[in-house]
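Counting from 1, position 42 in the sequence shown corresponds to residue 38 in this note's numbering; the numbering is continuous, with no gaps. Cβ coordinates follow ideal geometry from the N, Cα and C atoms, glycine included. Only a predicted model underlies this, so the values are computations on that prediction, with no experimental measurement involved.
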Amino acid sequence: MGLPEVLLDALDSGVAVNRDGVETPLQANVTLADAQRLYDLVRARRPEVTIELGFAEGTSALAIAQALEDNGYGTHHVVDPFENSYFEGVGLTSLNRAGLRNPGGVPRGLRRGSRSVVTAYFLRVH
Ligand SMILES: C[S@@+](CC[C@H](N)C(=O)[O-])C[C@H]1O[C@@H](n2cnc3c(N)ncnc32)[C@H](O)[C@@H]1O
């Protein structure tokens, strides 16, 4: 329960890990207070579905998805055309490290168990 260690560590150190396991500076302008507010909101409202346009390094997503996980249900959908390019996969890597991403992005209803998941969609950039 509470904000995940992966998020607390990244906000504290200003460092995240990219898809190759290499440390990279965290660019997020989301503060610990912002993340806590998001977490508390999702815990209080208990939504089944949340959607985030602009995933970046997954800072907000870590707070939202952990709150869904602690609620016991819910799916967080994220979209960002630059996740795998500019952001070097930091967001999905962080969610994987925190155990908050459903491998393969299979919708929750198709999986066993009640764990919340993050599904990720990446728009094609032209
Ligand atoms: C301020 S950042 C988002 C911060 C993020 N929510 C967080 O928690 O750190 C804005 C994001 O919008 C993304 N973005 C830009 N154009 C977009 C589009 N057409 N659709 C979705 N996301 C987009 C950028 O790649 C960037 O990651």
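| Query | Result |
| --- | --- |
| Can you name, in chain order, every residue of its own chain whose Cβ lies under 8 Å from the Cβ of A94, other than the five neighbours on each side? | P0, E1, V2, L3, L58, A61 and Q62 |
| Between the beta-carbon of E53 and the beta-carbon of A12, is there less than 9 Å? | yes |
| Anyone know if the C-beta pair for A124 and S56 falls short of 9 Å? | The structure shown does not extend to residue 124, since the chain spans only -3 to 122, so no value can be given for it. |
| Is DSSP giving V2 helix, strand or coil here? | helix |
| At a cut-off of 8 Å, would you count L28 as near ligand 1, judging by its Cβ distance to the nearest heavy atom? | no |
| Could you check where the alpha helix (DSSP H) with E44 kicks off and where it finishes? | Run containing E44: none; DSSP gives neither H nor E here. |
| Using the beta-carbon count (16 or more within 10 Å), is Y35 buried or exposed? | buried |
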